[in-house]
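Student: Letter 396 of the sequence shown, counting from 1, is numbered 396 in full-length UniProt numbering, and no numbers are missing.
Even glycine gets a Cβ: it sits at the ideal position worked out from N, Cα and C.
The model shown is predicted, which means the values in this text are computed figures rather than measured ones.
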Amino acid sequence: MDILIDIHQPSTASTASTASASRLQTHHRDCKVQRPIKLTTSLFYIKSCKSTTNLQLSNMSVPTLDYANFASGTKEQRQEFAHALLDSFERTGFCKLKSHTFNASQLKDLFTWGQKFFDQPLEVKSEIPNDKGPKPMRGFTPFRVEEVGKLHHEDTVRMMKDSKEHFDQGPTYDTDFPNKWPSAPQLSGFQSFMEAFYRQCDETCLMLMEALEVAWGIEDGSLVARCQPSATDLRLTHYPAIPVDEMQNGGTSRIAPHTDFGPITLLFQDSTGGLEVEDRSTNTFVPIPPTDVTEMIVNVGDTLTRWTNGKILGGVHQVTTPSAMKGESGLILPPRLSMAYLFKAQRNVSVGPLPKFVSETEPAKFSDITALEFQRWKNSVVYSLDKKAGEKGVENVIKLKAGQAGM
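1. With a threshold of 7 Å on Cβ separation, who are the neighbours of R226 within its own chain once the five nearest residues in sequence on each side are excluded?
2. Can you have a look at G170 and say buried or exposed, based on whether 16 or more other CB atoms are within 10 angstroms of its CB?
3. Can you look up V293 in the DSSP assignment and give me helix, strand or coil?
4. Could you give the residue range of the beta strand (DSSP E) that holds L275?
5. According to DSSP, is P129 part of a helix, a strand, or is it coil?
6. So, are the CB atoms of G301 and T265 less than 7 Å apart?
7. Does the segment 317-327 come close enough to the segment 356-371 that 3 or more CB-CB pairs lie under 8 Å?
8. State the Cα-Cα distance for the pair T361 and S61, rounded to the nearest angstrom.
9. Please name the residue, chosen from G139, P355, K98, G330, that lies closest to Q248 on a Cα-to-Cα basis.
10. If you run the structure through DSSP and keep just helix, strand and coil, what is A340?
11. Per the contact definition of three or more C-beta pairs closer than 8 Å, is the segment 235-248 in contact with the segment 324-341?
12. Just reading off the alpha helix (DSSP H) that K108 is part of, what are its end residues?
13. Keeping to the same chain, check which residues put their C-beta closer than 6 Å to that of P240; ignore five residues upstream and five downstream.
14. State whether the segment 219-235 contacts the segment 204-211, with contact taken as three or more CB pairs (one from each stretch) at a distance under 8 Å.
15. Can you list, in chain order, the residues of its chain whose CB lies under 7 Å from that of T305, leaving out five sequence neighbours each side?
16. With DSSP as the reference, identify every bridge partner of D168, one or two as the case may be.
17. If you run the structure through DSSP and keep just helix, strand and coil, what is N379?
18. Under the three-state reduction of DSSP, which class applies to N69: helix, strand or coil?
19. With DSSP run on the structure shown, which of helix, strand or coil describes T26?
20. Starting from the C-beta of Q375, find all residues in its chain whose C-beta is less than 6 Å away, skip the five residues before and the five after it, and write them out in chain order.
21. Taking the alpha carbon of F177 as the reference point, which residue from T282, T284, M339, N130 has its own alpha carbon closest?
22. When we look at the beta-carbon of N283 and count the other beta-carbons within 10 Å, is it buried (16 or more) or exposed?
23. Would you report the Cα separation of A324 and F357, rounded to the nearest angstrom?
24. F285 lies in the beta strand (DSSP E); which residues open and close that run?
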């Protein structure tokens, strides 16, 4: 599996910057470097990495944190939670949350509504099509449109088709990219439920931004302000039943290995399984089997990587065949539902490094562009329909991470 890695190459020698570059290099230390591209401030590597799950090679566990300790705890509990959150993000790119504000009944309703929507005939879902283009997603996207593999060069990674359909919504007040809601009478109540769920997710994410402020010792509200008003996308995803053999022949994935665009993502999944996260120490993928409908998974996204100047790396994850079914032939992988709250920075906010993470010995590794510009070039790659567009997207990321305005 080929993964794009940006490794900062300092212009002047220094112990701190060399250590930073080494840390990013060893993030995928078992990968074979196929081709380096020399840039003014970066080396952009395309690496071939193992994509098989091997539990014998991995001792990774994703920490579970008690959200209530920060939301309503003492000062000491809040401090402890904040530092545990930061530690988990730095080490793994992920954490799990318990004692959050979502109960089992709400989450059962979430997946019931999701199932109702995706059970509608295609002509009903297609009444609210997601308009193609490099912009936030709104409405319905059918199967095999989004291709995460297009973030990579075709000569080094096979263009796998992601077998899924999804519904996307944004904030209710978004007039630039308005939401689209189905009019089918059997979906009456879907909009009101999803809008309330969106608001609850946003409150959770803002609380986690506040926790990072505490952990870093930066000004109260400074991260929270970067994420208001909300520009987040909530996505319901349906993965259809599919033969295991089709998944294992390499041409189809539920979703290929990737990182998300924003600072963090909240994820709820049904009981099907198949979610895997990367263990950075062994360069393998580790299953995160669902244990309870209320289990919330949080992963680091690209914006937090950029804000921290590469100190916190995005959590690479994929959805594939559940471990219990791997290696089997003739079986049908059951359908899967998930909800991802793809938390975003406010659209006009910079996703360049924060001042705290930039110095003479650690110069900025990422360009000063807005969150909307960043999302647009990402979407232009993932949703482009031809090879040349995908290659252009790769050129854009090279320019952006070299500090050039390449969009």
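Tutor: Checking against the coordinates, here is how it stands:
1. Working through the sequence shown from its first residue, we reach residue 226 at position 226. Correct list, in chain order: A345, Q346, V349.
2. Numbered from its first residue, the sequence shown carries residue 170 at position 170. G170 is buried by the Cβ-count criterion.
3. Sequence index remark: in the sequence shown, residue 293 carries index 293 (1-based). Reduced to three states, the DSSP call for V293 is coil.
4. Along the sequence shown, read from residue 1 onward, the residue named residue 275 stands at position 275. Here the beta strand (DSSP E) through L275 covers 275-279.
5. For this step, residue 129 is matched to residue 129 along the sequence shown. Note: P129 maps to strand in three-state DSSP.
6. For the purposes of this step, residue 301 is taken as residue 301 along the sequence shown, with counting starting at 1. For the purposes of this step, residue 265 is taken as residue 265 along the sequence shown, with counting starting at 1. In this structure, T265 lies closer than 7 Å to G301 by Cβ.
7. The segment 356-371, when compared against the segment 317-327, does not touch it at the 8 Å Cβ threshold.
8. Taking the sequence shown and counting its residues from 1, the one referred to as residue 361 is at position 361. Taking the sequence shown and counting its residues from 1, the one referred to as residue 61 is at position 61. Their Cα atoms are separated by approximately 33 Å.
9. Here residue 248 refers to the residue found at position 248 of the sequence shown. The residue with the shortest Cα to Cα distance from Q248 is G330.
10. The count along the sequence shown starts at 1 and reaches residue 340 at position 340. Of the three classes helix, strand and coil, the one that applies to A340 here is strand, per DSSP.
11. At 8 Å Cβ cutoff, the stretches touch.
12. Here residue 108 refers to the residue found at position 108 of the sequence shown. It spans 104-118 - the alpha helix (DSSP H) in which K108 sits, taken as one unbroken run.
13. Taking the first residue of the sequence shown as 1, we reach residue 240 at position 240. Excluding its 5 nearest sequence neighbours in each direction, P240 has C-beta neighbours in its own chain below 6 Å: P335, listed in chain order.
14. Touching, per the Cβ criterion.
15. Within the sequence shown, the letter at position 305 stands for residue 305. Hits under 7 Å: I312, L313, G314.
16. The residue given as residue 168 occupies position 168 in the sequence shown. Answer is G139, R235, bridged to D168.
17. The count along the sequence shown starts at 1 and reaches residue 379 at position 379. Residue state, collapsed to three classes: helix.
18. Along the sequence shown, read from residue 1 onward, the residue named residue 69 stands at position 69. Shown here, N69 sits in a helix according to DSSP, grouped into three states.
19. Residue mapping note: residue 26 aligns to position 26 of the sequence shown, counting from 1. Because the pLDDT at T26 is just 36, under 50, the model does not fix this residue reliably, and the value given afterwards should be weighed accordingly. Residue state, collapsed to three classes: helix.
20. Within the sequence shown, the letter at position 375 stands for residue 375. Once the five neighbours on either side are set aside, the close Cβ partners of Q375 are F261.
21. Here residue 177 refers to the residue found at position 177 when the sequence shown is read from its first residue. Answer by Cα proximity: N130.
22. In the sequence shown, residue 283 corresponds to position 283, counting from 1. So N283 ends up on the buried side.
23. Here residue 324 is taken as the residue at index 324 of the sequence shown, counted from 1. Here residue 357 is taken as the residue at index 357 of the sequence shown, counted from 1. Looking at the backbone, the Cα of A324 and that of F357 are separated by about 42 Å.
24. Along the sequence shown, read from residue 1 onward, the residue named residue 285 stands at position 285. 284-287 is the span of the beta strand (DSSP E), which, as asked, contains F285.
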